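Asker: Position one of the sequence shown corresponds to residue 1 (the UniProt record's numbering), numbered consecutively onward. Quick reminder that beta carbons are idealized off the backbone N, C-alpha and C, glycines included. Small disclaimer: the values here were computed from a predicted structure and weren't measured.
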Amino acid sequence: MDHVSHPSALQVFLCHSSGDKAAVRKLHDDILTLGFNPWLDELRLLPGQDWKVEIKKAIRKTDVVIVCLSNKSVTKSGFVQAEIKYALDVADEQPEGTIFIIPLRLEECKVPDRLSQWQWVDYYKENGRDQLQRALRTRAATLEFRED
């Protein structure tokens, strides 16, 4: 699917491990189809940009961070852990009760303790896409986005 953003739509940052890239590409396309504006590094970063700086900027500007979890990502060291930590720091600045962090399990896996306070969505289950859509619509409504 071609990357066609919806500029006035809810901004959704996809935090993920590189090992989950195929599943996250599908998630990106699903979110785009739902009318939201997903941010995926391989589609947004330009050659020559400092990717660490750009990712932090994107997290700071986003409306929602979806943390994609799998058996690969929860045990992997590296930048994905730094992304999660930064997203949690930004989440601490949000008003109480705000849907900002959405842990999303791509497969059966343990949710890390630092993300366990938020209700997660099992995207791999039959109703996972519907649950995610409800959460994103709820967040959009709190920000007074129009839905087409």
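From Lys52, Leu69, Pro47, Leu40, pick the residue whose C-alpha is nearest to that of proline 112; which is it?
Answerer: Of Lys52, Leu69, Pro47, Leu40, the residue nearest in Cα terms is Leu69.
Asker: Excluding sequence positions up to five away, which residues of its chain have a Cβ less than 6 angstroms from the Cβ of leucine 34?
Answerer: These residues qualify, in order along the chain: Gln133.
Asker: So, is glutamate 83 buried or exposed, given that buried needs 16 or more other C-beta atoms within 10 angstroms?
Answerer: It counts as buried.
Asker: Relative to the alpha-carbon of cysteine 15, which residue among Leu115, Glu96, Ala9, Pro95 has its alpha-carbon at the smallest distance?
Answerer: The candidate whose alpha carbon is nearest that of cysteine 15 is Leu115.
Asker: DSSP state of phenylalanine 79, grouped into three classes?
Answerer: Three-state result, phenylalanine 79: helix.
Asker: Flag this pair as yes or no: are the beta carbons of valine 12 and valine 90 separated by less than 8 angstroms?
Answerer: For valine 12 and valine 90, no; Cβs fall outside 8 angstroms.
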